[in-house]
DNA sequence: CTAATGGCGACTTTGGGCAC
DNA sequence: GTGCCCAAAGTCGCCATTAG
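In full-length UniProt numbering, the protein residues as written are 1 to 244.
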């Protein structure tokens, strides 16, 4: 059974690959896009540093907390000896600029004119939620906001509400390429062990592209079915692929 | 039903004080 | 100077609730 991320990996090469990320029985090509080739075959659950705290929330809620619910953690010993011996790299200037640009653009989006979310936006959000992460970082939220043309606040609220409704599935604590804390779906880590802003952006663009393309495909099929004959494959829909 | 808001608790970060 | 302890402030996510 293929996951949506596997299917996503096919997107660039399979022109009419199945769009529905929930169609796990899809028979699309197994050939992955070079962009989405797994970066490391040695997938290792870098579990839960003791502080993967909110994971303790999750596990307690999912019934797998062995210590009982909401047990207080021992107080931090000293701030000079961090509990996570991770290497916190500095984001590159390019990354900082990119993040700032995304935040600026995201904060400029009007939240009233585009509510509620349309099918396309919902599908992209659900795919990220189901297949990549329930807890996107701020830059990722901004990226989704820009691509989906929804405000940062709307994207945040959507994920918050979705977590309330659909708290299921595993979450694995890990870190980004610059050492920032990240909680991903296991399938996402199988796809790429070390996620970065740019990798997420690539994946998100592919999800968005597939969604829009399939929407257009569906629309065209409806037109064909209704007219019975001619199919004017869309001049319409091109507005969906907005400039990014 | 979805989107949004605010209160709350858990956790992290920061910085001062103290002993060695 | 270094290491430890502690409290305050900040951050994050959950939850209940409300509005449309």
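A virtual CB, placed ideally from N, CA and C, is assigned to each residue, including glycine.
Predicted, not measured: the structure shown is a model, and the values here were computed from it.
Review point. Under 8 angstroms, do residue 184 and residue 195 count as touching if we go by C-beta distance?
Key: In the first chain, the residue the question calls residue 184 occupies position 184. In the first chain, the residue the question calls residue 195 occupies position 195. In contact: residue 184 and residue 195 (Cβ atoms closer than 8 angstroms).
Check your understanding: Are residue 125 and residue 158 close, meaning C-beta to C-beta below 8 angstroms?
Key -> Working through the first chain from its first residue, we reach residue 125 at position 125. Working through the first chain from its first residue, we reach residue 158 at position 158. Cβ distance < 8 angstroms, so residue 125 and residue 158 count as in contact.
Review point. Going along the chain, which residues of its own chain have a beta-carbon closer than 7 angstroms to the beta-carbon of residue 107, five neighbours each way excluded?
Key: Position 107 of the first chain, counted from the start, is the residue given in the question as residue 107. 152.
Exercise for review: Would you kindly check if the distance between the Cβ of residue 95 and the Cβ of residue 170 is under 8 angstroms?
Suggested key: Here residue 170 is taken as the residue at index 170 of the first chain, counted from 1. Here residue 95 is taken as the residue at index 95 of the first chain, counted from 1. No, they are not a contact pair.
Point to revise | Ranges of the alpha helix (DSSP H) found wholly within the stretch 181 to 227, counting only runs of at least 4 | key: Taking only runs of at least 4 residues, the alpha helix (DSSP H) segments lying wholly in the stretch 181 to 227 are 186 to 191, 197 to 227.
Practice item. Take residue 144 and list the residues in its own chain whose beta-carbon comes closer than 8 angstroms to its own, dropping the five residues that flank it on each side. Key: Numbered from 1 along the first chain, position 144 holds the residue referred to as residue 144. If we look at residue 144 and ignore the five residues flanking it on each side, its Cβ neighbours are 124, 125, 128, 136, 150, 155, 204.
Review point. Roughly how many angstroms lie between the CA atoms of residue 141 and residue 213, to the nearest whole one?
Key: Within the first chain, the letter at position 141 stands for residue 141. Within the first chain, the letter at position 213 stands for residue 213. One C-alpha to the other measures close to 23 angstroms.
**Study point:** Backbone secondary structure at residue 173 - three-state DSSP
**Key:** The count along the first chain starts at 1 and reaches residue 173 at position 173. Of the three classes helix, strand and coil, the one that applies to residue 173 here is strand, per DSSP.
Review point. If we count the other Cβ atoms within 10 Å of its Cβ and call it buried at 16 or more, is residue 139 buried or exposed?
Key: Looking up residue 139 in the first chain gives position 139. Buried, because 16 or more other Cβ atoms sit within 10 Å of the Cβ of residue 139.
Exercise for review: Take residue 118 as the anchor and find which of 211, 178, 217 has the nearest alpha-carbon.
Suggested key: For the purposes of this step, residue 118 is taken as residue 118 along the first chain, with counting starting at 1. Distance from the Cα of residue 118 is smallest, within the candidate group 211, 178, 217, for 211.
Review point. Does the Cβ-Cβ distance between residue 91 and residue 178 come in under 8 angstroms?
Key: Position 91 of the first chain, counting from 1, holds the residue named residue 91. Position 178 of the first chain, counting from 1, holds the residue named residue 178. Yes; because the gap between Cβ atoms is below 8 angstroms, this pair is in contact.
Practice item. Note down the Cα distance separating residue 186 from residue 163, rounded to an integer number of angstroms. Key: Residue mapping note: residue 186 aligns to position 186 of the first chain, counting from 1. Residue mapping note: residue 163 aligns to position 163 of the first chain, counting from 1. Their backbone Cα atoms lie some 17 angstroms apart in a straight line.
Check your understanding: Taking just the CA atoms, how far does residue 102 sit from residue 216?
Key -> Stepping through the first chain from its first residue, residue 216 is reached at position 216. Stepping through the first chain from its first residue, residue 102 is reached at position 102. C-alpha separation (whole angstroms): 27 angstroms.
Review point. What distance in whole Å lies between the Cβ atoms of residue 105 and residue 146, which are believed to be in contact at a cut-off of 8 angstroms?
Key: Sequence index remark: in the first chain, residue 146 carries index 146 (1-based). Sequence index remark: in the first chain, residue 105 carries index 105 (1-based). Contact holds; Cβ gap of about 5 angstroms.
**Study point:** Proximity to residue 172 [Cα-Cα], best of 109, 120, 130, 189
**Key:** As a first step, residue 172 is located in the first chain; it is residue number 172 there, counting from the start. Considering only alpha carbons, the answer is 189.
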